[in-house]
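Read in my numbering, the sequence shown has 547 at position 28, and its numbers run on one by one without any break.
All C-beta atoms in this analysis are idealised placements derived from N, C-alpha and C, irrespective of residue type, glycine included.
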Amino acid sequence: MGNPSIKETIYASVLKDILDGAYPQDAVINEKTLMEEFGVSKAPVREALVQLCSEGFIKNIPRFGYQLVSITPSEIVEMVEYRKVIELGALERAAERITKEDLEELKALNRQVELVDKKHEVKLHWEMNQNFHKKLCSFCGNRYLDKALDASLKVCARISNQYYVKVWEHKHEGAYKHRLIVQAMEEGDIERAKVILAEDIEELLKNRVW
Numbered sequence: 520m521g522n523p524s525i526k527e528t529i530y531a532s533v534l535k536d537i538l539d540g541a542y543p544q545d546a547v548i549n550e551k552t553l554m555e556e557f558g559v560s561k562a563p564v565r566e567a568l569v570q571l572c573s574e575g576f577i578k579n580i581p582r583f584g585y586q587l588v589s590i591t592p593s594e595i596v597e598m599v600e601y602r603k604v605i606e607l608g609a610l611e612r613a614a615e616r617i618t619k620e621d622l623e624e625l626k627a628l629n630r631q632v633e634l635v636d637k638k639h640e641v642k643l644h645w646e647m648n649q650n651f652h653k654k655l656c657s658f659c660g661n662r663y664l665d666k667a668l669d670a671s672l673k674v675c676a677r678i679s680n681q682y683y684v685k686v687w688e689h690k691h692e693g694a695y696k697h698r699l700i701v702q703a704m705e706e707g708d709i710e711r712a713k714v715i716l717a718e719d720i721e722e723l724l725k726n727r728v729w
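Following this line, the structure appears as structure tokens:
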């Protein structure tokens, strides 16, 4: 692959800041500020911001700027249901082809989550948690499901920053559920693995702060 374009570089940088919670809720992103930051003309900045608008991360307010879009509680409920459809379906399909080596890979990823849990590093925890879910989904061998999950996890990253960072600074136990999922899969009990995975995804609805 070639080097990313200027527009792609700006897009990736702004998206990372959004997902990392660098912008406060309802923050306004200004074209001129980004032009100065990256030392570029308006065109690639606008193209990057238009793409972020099309993906629902920001909205264009004429003569004002681009404002971060807050996620509503009802959208969180919808996202949890959507993820359950994606991930439980992927898990059922993955069960037909998953290998011992695949399960060992999941265990290794979960050990990373456990280490982060002990340190209470929220952002790193979320990154490691996403890696586990992405890897588990990848074993189903369906690129469309992979892309759907990746997009939904980006929304969940925004949810965690908007609602849960302060809560999860004190407690998050994703690694425990992951361990049980792998254990159930090793024992060939896919139905139990699906139940535990659903409970893990539903953690977004617990400790509500809205």
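| query | result |
| --- | --- |
| Extent of the continuous beta strand (DSSP E) run through K578 | I577 to I580 |
| Contact set for R711: own chain, Cβ-Cβ below 6 Å, skip 5 residues either direction | A703 |
| Check whether K526 and E566 have beta carbons under 9 Å apart | yes |
| Three or more C-beta pairs below 8 Å linking the segment 654–664 and the segment 603–620 | yes |
| Whole-Å CB distance - Q649 paired with I590, under 8 Å assumed | Between I590 and Q649 the Cβ distance is about 17 Å, and since that is not below 8 Å, they are no contact. |
| Neighbourhood of V533 by C-beta distance below 8 Å, restricted to the same chain and skipping five residues each side | I548, L553, A567, L568 and L571 |
| The segment 592–600 contacting the segment 575–583, beta-carbon criterion three pairs below 8 Å | no |
| Under 9 Å between C-beta atoms of P643 and S679 | Sequence inspection shows Leu at residue 643; the Pro mentioned does not correspond to that position. Contact: no. |
| K725 burial status per 10 Å Cβ neighbour count (16 or more: buried) | exposed |
| With 16 other Cβ atoms within 10 Å as the buried cut-off, status of E606 | buried |
| Residue nearest to L587 in terms of C-alpha spacing, selected from L538, L628, R698 and E624 | L538 |
| Alpha carbon of M598 to alpha carbon of E705, nearest angstrom | 28 Å |
| E633 CB to nearest heavy atom of the ligand NAD below 8 Å | Of the ligands one can find in the structure shown there are none, so the ligand NAD has no counterpart to examine. |
| Residues near S524 in its chain [Cβ-Cβ closer than 6 Å; skip 5 each side] | none |
| Of the listed residues V714, D719, A562 and Y601, nearest to Y781 (C-alpha basis) | One cannot answer for residue 781 here, as it falls past the ends of the chain, which runs 520 to 729. |
| 9 Å Cβ cutoff met for E623 and Y585 | no |
| Three-state class that DSSP yields for I720 in the structure shown | helix |
| Inter-residue Cα distance where the pair is D708 and E574 | 37 Å |
| Residue burial classification, M520 (beta-carbon count within 10 angstroms, cutoff 16) | Confidence in M520 is poor, its pLDDT being 48 and thus under 50, which makes the residue's placement too unreliable to answer from. |
| Same chain only: Cβ atoms within 8 Å of Y542, ignoring 5 sequence neighbours per side | D536, I548 and L587 |
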